[in-house]
Every structure is written in structure tokens, then in C-alpha cells.
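**Student:** Quick note on the UniProt record's numbering: the sequence shown kicks off at 1 and runs consecutively.
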Amino acid sequence: MSADPAGIDLTDTPAEAAFRAEARDWLRASVPAEPLPSGDTRDGFAAHLAWERRLFDARWAVVSWPEAYGGRDASLWEWLIFEEEYYAAGAPQRVTQNGIFLLAPTLFEFGTDEQRDTLLPRMAAAQDLWCQGWSEPGAGSDLAGIASRAVAVDGGWRLSGQKTWTTRGAFSTHLFGLFRTDPDAPRHRGLTYFLVPLSADGVTVRGFGRLDGDEGFAEVFFDDVFVPDSAVLGGVHQGWNVAMATTGSERGLTLRSPGRFLHAAERLIALAVARKDRLRPATRERVVRAWLRARAYRHFTLHQVTGLIEGRPPGARSSLNKLYWSQLDIDLHEVALELLGADALLDGAWTKGYQFSLSGPIYAGTNEIQRNIVAERVLGLPRA
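1) Using the beta-carbon count (16 or more within 10 Å), is Phe19 buried or exposed?
2) What runs of the alpha helix (DSSP H), each 4 residues or longer, lie entirely inside the stretch 257 to 322?
3) Drop a sphere of 10 angstroms on the beta-carbon of Gln127, count the other beta-carbons inside from all chains shown, and report buried for 16 or more, exposed for fewer.
4) Under the assumption that Arg251 contacts Ser319 (Cβ atoms under 8 Å), give the Cβ distance between them as a whole number of angstroms.
5) What does the alpha-carbon distance come out to for the pair Ala200 and Leu255?
6) Going by DSSP, what residues sit across from residue 386 in a beta bridge?
7) Let me make sure I understand the geometry here. Which of Pro314, Arg293 and Ala139 has the alpha-carbon closest to that of His303?
8) Tell me whether Thr96 is buried or exposed, calling it buried when 16 or more other Cβ atoms sit within 10 Å of its Cβ.
9) Is it true that the CB of Val305 sits closer than 8 Å to the CB of Trp77?
10) Name the two residues that bound the continuous beta strand (DSSP E) containing Tyr193.
11) Identify every residue that forms a DSSP beta bridge with Gly161.
12) Look at the Cβ atom of Phe208, then the Cβ atom of Thr192, and state whether they are nearer than 8 Å.
13) Three or more C-beta pairs under 8 Å: does that hold for the stretch 284 to 300 against the stretch 343 to 351?
14) Determine the DSSP secondary structure at Phe217, reduced to helix, strand or coil.
15) Give the DSSP-derived three-state secondary structure of Ala3 in the structure shown.
16) Since Trp325 and Phe261 are thought to touch, with beta carbons under 8 Å apart, how far apart are those beta carbons, to the nearest angstrom?
17) Taking Cβ positions, are Phe176 and Gly216 nearer each other than 8 Å?
18) If I'm right that Thr181 touches Gly190 with Cβ under 8 Å, what's the distance once you round it to whole angstroms?
19) Should Trp350 and Leu337 be called a contact, given that it needs their Cβ atoms to be closer than 8 Å?
20) For my contact list, Leu211 and Leu268 are in at a C-beta cut-off of 8 Å; report their separation, rounded to the angstrom.
21) List the endpoints of the continuous beta strand (DSSP E) containing residue 390.
22) Using a Cβ-Cβ cut-off of 8 Å (strictly less than) and excluding sequence neighbours within five positions of His237, which residues of its own chain qualify?
23) So, at 7 Å on beta carbons, what are the nonlocal neighbours of Ala104 in its own chain, with the 5 sequence-adjacent residues on each side left out?
24) Between which two residues does the alpha helix (DSSP H) holding Arg94 run?
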């Protein structure tokens, strides 16, 4: 993909076309013929781990990482291509995503050489499985309001507190998250970002089920848990800045690449053709709008990647991504359920997808918070 004076060229270069063909061929030959059970159930998580390790063995798990860490040194363009082919092939959800899509970019930016060399290869190989320790009982979207604490001791820190709504925490081996290291500092200061093995003495992981039967959510309790100084990522009391890099990945393109929604939009078109008896004019318009919005998100992401390559990180603009893809996900599924009618009760994929889409405006920072960020930090509007 390249630009020229006459305009923008969105076609693959010969090297990118070859990369796409290799990825497509491997995925077609390797994706399980039958969908795996939900990765948020214990049995399903185990099945997904086997898939993740197969990806790693073929060097498709982390294509944009350096070869030394298990990647292919692929460009961001090639990563987007792989994501498009991955979803188009109907490949399983990535249960390692909290590590490879959220923590890993933060490690590349803030980690020491020792941290990167130790953690990234095991993360890529799905040997270490990471969950995110943001939310607390008294601090959901208000990340600066966390109460969990870390106290400095000889050679390290003692962690105390509780994290909740920890996605796949019941199955993970490690947690990354914020702890307050200076209780007297202002809210956004005095926070430190820690990398914690869940096998450490004093850690209790308590999983709990959801109404849909998934069981991966967990509460994680820290009772005077010792971690060494090497568990700090990005510097003591610098946790807010480090966490903002992680949330930028979570809200931006790494967690929700366009390929996910392009595939959903194509499935929606196929459903509309199959259920044309229910395709009233208003429904037809919603189908077309959803398809167009999925394509628009792809073009927005290509523009964003161009900025990254040219040294212009998105910063607060990642909140625009989150607002867009979270609502797009809901809209795609709502119109699908409208087409299915009562048959939606029999269609597990669209129904379960719809249920999950409703959480999109909540996780990764509620959309209300994201609108405030866009208003104040992108548009420069005064605080209300």
C-alpha cells in the first residue's frame, strides 16, 4: 500500500500480495473445520491455546514482532493484511490478545531489554497468559481512582488490594496492572505499573460465571504479595503514562482491527441475501450502512497507520477508534437479529456476538469517558 502524487493507492505491493497469499493459503489449510468452543470457558480456552501454539509454530502468532521474539518482522501494513485474512478465514478468537495486543506494545515502548527478552518469547508462544488488572470494586471506568497499593520493601514491593472484571483471569498465569505507590500524590500520579505472576504467594484468583455460561471472568486478590523491582514496567510512580500507552492500544487499532468488522459485514450481506423475505427497505438501508461503515473504519485505520509510520502516534485520537468500532459492532449485530427474527434464538453465532457487542461501549473505558477525552484532548473544548 502506498501513496503517489495522483492520489492514494490501496492495492497491495507485490511483496504484500505474496504475504497475503501465504497467509491465506496457510489459514485455509489450518483453521479448524468446526468452530471451537468459547474461549471464555475452561474447555474452550484449552482448545484455543492449542490453536495459539499452532499459530506460533508456523510464525503467524505475532507477525509484526521481530524474528527474535517469534515474529516475522512484518510491517504494520502486513499485520493489517494478516488480520483481514485471519477473520475472513473464520479463524478462532485470540485468547492471548491481552498479552500480544495490549501488553506487548507497552513492553516494546517502556520495557527494559531484560523484560522484553524474558517476557515476549513466552507470550508469543502462549506459555505465559496475561490478563489486565485495571478495574476495582470502587474504580471501574475511573482508572485514576484505584485503591490497590504497593509498598516498597527491601528488593521489591508488597502488593495489596483487589482487581475485578478481569477478562480470562481465571485461566491466566500473569497479570499486568496499576497499583498506587504514593498515596499522598494527586490522583493521576503516584501510580506504578506492575507485572505480576498469579502463582505468587498471597494471590487469590476467584473466577465467576456469567449468565451466558462463560466462566473466564475473575476477581484477583492481593494479600501482601511480594514482587521484585524487576516487576515494575516503565518506572516507579510513572504508571499513568505507561497505562495510557496500553489503553491506547486497547482503544485503537491493535485490539479491534478492521478485519474483524469487514468479515462481520460480509456475513451480514450473506445473511441479507439468504433472508431477503425480511429485507424491508429500512432494513436494506441499515445493512448497506453497516457494510459501508465497516469499509470506512478500514480506511480510517489505514490513515492512522500512515501517521504511525510517519511518526505521528494517535494519542487521544485512539478514543475515536473506540467510539466508532464499539457502536459499529452493535449495529452490525442488531440488523442481523432483525433479519433473523425469531430464528435468532436458534443462531448462536449472531446472538452471542450481539450479547458481547453490548459490552463494547463499557470495556476499554466507557464511551461516556471516551467522548470527554475527544471533546477535551482532540477538539480542545473546555471542561464541562
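Glycine included, every Cβ here is placed at the ideal spot set by N, Cα and C.
**Tutor:** Taking the definition as stated:
1) Taking the first residue of the sequence shown as 1, we reach residue 19 at position 19. Burial is judged here by how many other beta carbons sit within 10 angstroms of a residue's own beta carbon; Phe19 has at least 16 and is buried.
2) 258 to 274 and 281 to 309
3) Counting from 1 along the sequence shown, the entry for residue 127 is found at position 127. By the neighbour-count rule (16 or more Cβ atoms within 10 Å), Gln127 is not buried but exposed.
4) Along the sequence shown, read from residue 1 onward, the residue named residue 251 stands at position 251. Along the sequence shown, read from residue 1 onward, the residue named residue 319 stands at position 319. Right, the Cβ-Cβ distance comes to about 6 Å (below 8 Å), so this counts as a contact.
5) As a working mapping, residue 200 is identified with position 200 in the sequence shown. As a working mapping, residue 255 is identified with position 255 in the sequence shown. So the alpha carbons of these two residues sit roughly 28 Å apart.
6) Residue 386 lies beyond the residue range present for the chain, which begins at 1 and ends at 384; the question has no answer from this structure.
7) Counted from its first residue, the sequence shown places residue 303 at position 303. The shortest C-alpha separation from His303 is found at Pro314.
8) As a first step, residue 96 must be located in the sequence shown, where it is residue number 96. For Thr96, the number of other beta carbons within 10 angstroms of its own is at least 16, and it is reported as buried.
9) Residue numbering aside, residue 77 sits at position 77 when the sequence shown is read from its first letter. Residue numbering aside, residue 305 sits at position 305 when the sequence shown is read from its first letter. Contact: yes.
10) Taking the first residue of the sequence shown as position 1, residue 193 is located at position 193. Counting along the chain, the beta strand (DSSP E) containing Tyr193 begins and ends at Leu191 to Pro197.
11) Along the sequence shown, one-based indexing puts residue 161 at 161. Note: Gly161 sits in a beta bridge opposite Phe222.
12) Translated into positions along the sequence shown, residue 208 becomes position 208. Translated into positions along the sequence shown, residue 192 becomes position 192. No. Outside cutoff.
13) No, because fewer than three Cβ pairs between the stretch 284 to 300 and the stretch 343 to 351 fall closer than 8 Å, the two stretches do not touch.
14) Taking the sequence shown and counting its residues from 1, the one referred to as residue 217 is at position 217. In the structure shown, Phe217 sits in coil (DSSP, three-state: anything other than H, G, I, E or B).
15) Counted from its first residue, the sequence shown places residue 3 at position 3. Note that Ala3 scores 43 on pLDDT, short of 50, meaning its location in the model is unreliable and no value can be drawn from it.
16) What you label residue 325 is simply residue 325 of the sequence shown in a count that begins at 1. What you label residue 261 is simply residue 261 of the sequence shown in a count that begins at 1. Correct: roughly 7 Å between the Cβ atoms.
17) Residue mapping note: residue 176 aligns to position 176 of the sequence shown, counting from 1. Residue mapping note: residue 216 aligns to position 216 of the sequence shown, counting from 1. The answer is no: Cβ separation not under 8 Å.
18) As a working mapping, residue 181 is identified with position 181 in the sequence shown. As a working mapping, residue 190 is identified with position 190 in the sequence shown. Sure, about 6 Å apart at Cβ, within 8 Å.
19) Along the sequence shown, read from residue 1 onward, the residue named residue 350 stands at position 350. Along the sequence shown, read from residue 1 onward, the residue named residue 337 stands at position 337. It is a contact, given that the beta carbons lie within the stated cut-off.
20) The residue given as residue 211 occupies position 211 in the sequence shown. The residue given as residue 268 occupies position 268 in the sequence shown. At roughly 25 Å, the Cβ-Cβ gap does not stay under 8 Å, so Leu211 and Leu268 are not in contact.
21) Beyond the ends of the chain as shown, which are 1 and 384, falls residue 390; an answer cannot be given.
22) Here residue 237 refers to the residue found at position 237 when the sequence shown is read from its first residue. Closer than 8 Å at Cβ, skipping near neighbours: Thr181, Asp182, Ala185, Arg189, Gly190, Leu191 and Thr192.
23) The residue you call residue 104 lines up with position 104 of the sequence shown. Exclusion of the five residues before and after Ala104 leaves Leu120 and Met123 as the residues of its chain whose Cβ lies within less than 7 Å of its Cβ.
24) Along the sequence shown, read from residue 1 onward, the residue named residue 94 stands at position 94. Unbroken run through Arg94: none, as it is neither H nor E.
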